[in-house]
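Going by this note's numbering, the sequence shown opens with residue 308, and the numbers climb by one from there. Idealized CB from N, CA, C, for every residue including glycine. Keep in mind the model is a prediction, meaning the values are calculated, not measured. Okay, structure first, notes after.
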Amino acid sequence: MLFGFGTATDMGIDLGTASILVYIKGKGVVLKEPSVVAIDRNTNEIKAIGEEARLMIGRTPGNIVAVRPLRQGVISDYTITEKMLKYFIQKALGKTQFRKPRICVCVPSQVTEVERKAVEDATYQAGAREVSIIEEPVAAAIGAGIDISKPCGNMIVDIGGGTTDVAVISLGGTVVSESIKIAGDDFDKAIVAYMRKKHNLLIGDRTAEEIKIQIGTCYKREEDLSIDVRGRNLVTGLPKTITITSEETLEALREPAAQIVDTVHNVLEKTPPELAADISDRGIVLTGGGALLHGLEQLLEEHTGITTMTAEDPMTAVAIGTGQYIEFLADNSTVYDV
308 MLFGFGTATD MGIDLGTASI LVYIKGKGVV LKEPSVVAID RNTNEIKAIG
358 EEARLMIGRT PGNIVAVRPL RQGVISDYTI TEKMLKYFIQ KALGKTQFRK
408 PRICVCVPSQ VTEVERKAVE DATYQAGARE VSIIEEPVAA AIGAGIDISK
458 PCGNMIVDIG GGTTDVAVIS LGGTVVSESI KIAGDDFDKA IVAYMRKKHN
508 LLIGDRTAEE IKIQIGTCYK REEDLSIDVR GRNLVTGLPK TITITSEETL
558 EALREPAAQI VDTVHNVLEK TPPELAADIS DRGIVLTGGG ALLHGLEQLL
608 EEHTGITTMT AEDPMTAVAI GTGQYIEFLA DNSTVYDV
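Here it is in structure tokens:
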């Protein structure tokens, strides 16, 4: 049984710092799991991958560590990344696959050639027949339903777990882009640091993420929300519960949010005037899990004066765009004989 061009073997992988999403043509996003691997230090054996491994973070004995083999959008541990990719590809395809899939993987817009090659090699080793690499903002634009093949400026702000990519896209390519290593994980770290400094309370990254999702904001909310937080009191060393408000998260997240706004501003400054006029008309589109942080739209609108909207499903936009990129290449490969 052979699979040809444009069959279910076309696969898109959003290789994120926080989570990995796998898109299969005709089926949509079939898998979404945290990019975490639990390893036994003594034997170098992999104990768990994905959601199972995430639940172990901060709760393992000394010999088992839960690690993230991807840091800030790039591979930090090649061997573990390869094994993790292999596991997710096989899980997504199931047991009915006879031929290796064609895989398209996305990378941050400012990655080096060495980092790009590492992603490509790891994907081949994990079982790909053919590998295409796409820049995250381009994938995000396709996944958000934007027709990037036209000579018209579109601005995408993709806020992932480890990196934020800001890019202006026209005619299927990136015109101006900037990538910063400030994103969802840094929002969590900012909350951890704030709790430590302000309340002498030590909390873990998972707790910080819950605070961010439930009451986190980077723009003043109409009504103040609150949540009970449990952690360890740094003075007494004993467990303690305190109540914090969304007003406090606004203070905690002010700095990382400001850095994202500055990056958007820098990219707009470098954008050619014709494309800047298009962006002014069409607005800025936010994608990625970090785009779900309350108040980001309002904050960007206030600082740029440009309408800002979040993609319909920001979490899966990059994965969907990565999967559809192969079709985009096929549709836009017109060559004129002159």
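Cross-strand partners of residue i (DSSP beta bridge)
i: Y632; result: In the DSSP output, where bridge partners are listed per residue, Y632 has none listed.
i: P546; result: R539
i: E427; result: Partner(s): none; E427 has no beta bridge.
i: I440; result: V412
i: S342; result: S342 is not bridged to any residue.
i: S486; result: D472
i: I382; result: L377
i: I534; result: I551
i: L509; result: R539
i: T419; result: Paired residue(s): none; T419 is not in a bridge.
i: G480; result: S477
i: D347; result: E352 and I371
i: S326; result: P341
Residue interval of the beta strand (DSSP E) (run including residue i)
i: N573; result: Segment S553 to K577 is the alpha helix (DSSP H) holding N573; no beta strand (DSSP E) there.
i: S587; result: Segment P580 to R589 is the alpha helix (DSSP H) holding S587; no beta strand (DSSP E) there.
i: A497; result: That residue, A497, is in no beta strand (DSSP E); its alpha helix (DSSP H) goes G491 to H506.
i: I320; result: D317 to L322
Proximal residues to residue i (C-beta, below 8 Å), its chain only, five neighbours per side dropped
i: V372; result: A345, I346 and R348
i: E359; result: A345
i: V536; result: M502, L508, I510, T514, I518, T548, I549, T550 and I551
i: M616; result: G590, I591, V592, L593 and E604
i: I387; result: V344, I346, I353, V374 and P376
i: I440; result: C411, V412, C413, V414, R423, V426 and E427
i: A429; result: I382, Y385, T388, E389 and L392
Coil, strand or helix - residue i by DSSP
i: T641; result: Unreliable placement is indicated for T641, whose pLDDT of 48 sits below 50; the coordinate value is still reported in the next sentence. Three-state DSSP puts T641 in coil, outside helix and strand.
i: E352; result: strand
i: E529; result: coil
i: V336; result: strand
i: L593; result: strand
i: E604; result: helix
i: D465; result: strand
i: G450; result: helix
i: I613; result: coil
i: I331; result: strand
i: L599; result: helix
i: A626; result: helix
Range covered by the alpha helix (DSSP H) that runs through residue i
i: I371; result: Unbroken run through I371 is the beta strand (DSSP E), I371 to V374; no alpha helix (DSSP H).
i: I387; result: Y385 to L400
i: E358; result: E358 to R361
i: T514; result: D512 to I522
Sequence-distant residues of the same chain with beta carbon closer than 6 Å to residue i, five excluded per side
i: G602; result: T524, C525 and Y526
i: G460; result: V475, S477, L582, D585 and I586
i: T578; result: V475 and V483
i: Q417; result: S486
i: D384; result: P376
i: I291; result: With the chain covering 308 to 645 only, the question about residue 291 has no answer from this structure.
i: L560; result: F494, A497 and C525
i: H610; result: V568
Nonlocal neighbours in the same chain, by C-beta distance under 7 Å from residue i, ignoring five residues either side
i: L557; result: T524, C525 and K527
i: P339; result: Note that residue 339 is Lys in the sequence shown here, rather than Pro. Correct list, in chain order: S326 and L328.
i: L646; result: Given that the chain is displayed from residue 308 to residue 645, the structure contains no residue 646 and the question cannot be resolved.
i: P563; result: I489, D493, F494 and A497
i: L400; result: P408
i: T316; result: F310, R406, P408 and R409
i: E516; result: D495
i: N351; result: none
i: H506; result: I549
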